[in-house]
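In our numbering, the protein residues as written are 100 to 318.
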């Protein structure tokens, strides 16, 4: 069961939902002969959900095992690719067979497009379980997403001064954009640190343009 906030027409609000205690689970044991001993279901995101890009997506799986507790970790897959792993929830208390548990992990910036998610975990050393698939769609952003990186990516460092006639290789930056490239895109920049522009390093621009037809610009 889940507590809901009041629908928008009911204003002003008459209560707030405690975000740390907004759900409760009750397990009804299925005693039919063909009932499975274990169950693992992805409960978030819901099947058919549309997700934003960029975003950090909470992945949650509900697990129950009639012979023991499910301690995890639970691994979440997009197709065959591992995208997130929950923490182990083991404790020093004696196990309670059939006690339900929720296992959560986070998927950072899933790519735009359709995805088929499954969750997997071990029940014992030689027994595992996989959840039914959940289909989600990550929608294209309304605006381009820009990102910044150093060039080279690793060990980007520079001398404070370059000796006369020496060939000093200074690192640079690369700014990238997603989405359509049919028009110029101006990007704005700021700088911080203890080095002084024009003294310790060449002054850099406050803005730059990624030209139409290109997805990145190095400077």
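Glycine included, each C-beta is placed from N, C-alpha and C at the ideal position.
Note that the structure is a prediction, hence the values are computed from the model and not measured.
{"Query": "Going by C-alpha distance, which of 120, 170, 142 is nearest residue 222?", "Result": "170"}
{"Query": "Counting only runs of 3+ residues fully inside the region 159-204, write out the beta strand (DSSP E) ranges in chain order.", "Result": "174-177, 180-184"}
{"Query": "So for residue 145, helix, strand or coil by DSSP?", "Result": "coil"}
{"Query": "Decide if the region 161-176 is in contact with the region 211-222; the criterion is three or more beta carbon pairs, one per stretch, under 8 Å apart.", "Result": "yes"}
{"Query": "For residue 196, which of 188, 166, 180, 211 has the nearest alpha-carbon?", "Result": "166"}
{"Query": "Within 10 angstroms of the Cβ of residue 288, are there 16 or more other Cβ atoms? Answer buried if so, exposed if not.", "Result": "exposed"}
{"Query": "Which one or two residues does DSSP pair with residue 140 in a beta bridge?", "Result": "161"}
{"Query": "Can you tell which of 123, 310, 163 has its C-alpha closest to the C-alpha of residue 100?", "Result": "123"}
{"Query": "Measuring straight from C-alpha to C-alpha, what distance separates residue 118 and residue 205?", "Result": "18 Å"}
{"Query": "Secondary structure at residue 235, three-state DSSP: helix, strand or coil?", "Result": "strand"}
{"Query": "Tell me which residue opens and which closes the beta strand (DSSP E) that residue 229 is part of.", "Result": "226-229"}
{"Query": "Report yes if the C-beta distance between residue 284 and residue 244 is below 9 Å; otherwise report no.", "Result": "no"}
{"Query": "Given that a residue counts as buried once 16 or more other Cβ atoms are within 10 Å of its Cβ, and exposed if not, what is residue 160?", "Result": "buried"}
{"Query": "Between the alpha carbons of residue 136 and residue 116, how many angstroms are there, rounded?", "Result": "34 Å"}
{"Query": "In this structure, does DSSP put residue 223 in helix, strand or coil?", "Result": "strand"}
{"Query": "Would you call residue 139 buried or exposed, if buried means 16 or more other Cβ atoms sit within 10 Å of its Cβ?", "Result": "buried"}
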